[in-house]
Amino acid sequence: MRKDLHPNFVTCTVTCACGNTFENRAVQDTLKIDICNECHPFFTGSERMVDTAGRIEKFNARYNKK
Numbered sequence: 309m310r311k312d313l314h315p316n317f318v319t320c321t322v323t324c325a326c327g328n329t330f331e332n333r334a335v336q337d338t339l340k341i342d343i344c345n346e347c348h349p350f351f352t353g354s355e356r357m358v359d360t361a362g363r364i365e366k367f368n369a370r371y372n373k374k
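Counting from 309, one number per residue, gives the positions in the sequence shown under the numbering used here.
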């Protein structure tokens with residue numbers, strides 16, 4: 309077996325955009341995510357709109373043929 313083949317996993321802190329934090333194991337020290345199980349509509353039972361208007365406007369500005 310080869311030594312030093314796999315990266316070292318450390319305990320990292322995962323922070324969601326809703327403010328929820330939890331610990332996991334990864335190769336980074338910190339991770340930032342957009343949606344977690346505390347704010348995802350499947351787990352909460354409520355629907356929430358994700359802001360995509362900026363992306364659509366950027367796409368239309370880039371590819372709008374007049």
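Ideal Cβ placement from N, Cα and C applies to all residues, glycine included.
- Beta-bridge pairing by DSSP links residue 331 to 321.
- Annotated three-state conformation of residue 343 is coil, per DSSP.
- Between the alpha carbons of residue 363 and residue 369 lies a distance of about 10 Å.
- Residue 338 is bridged by DSSP to 321.
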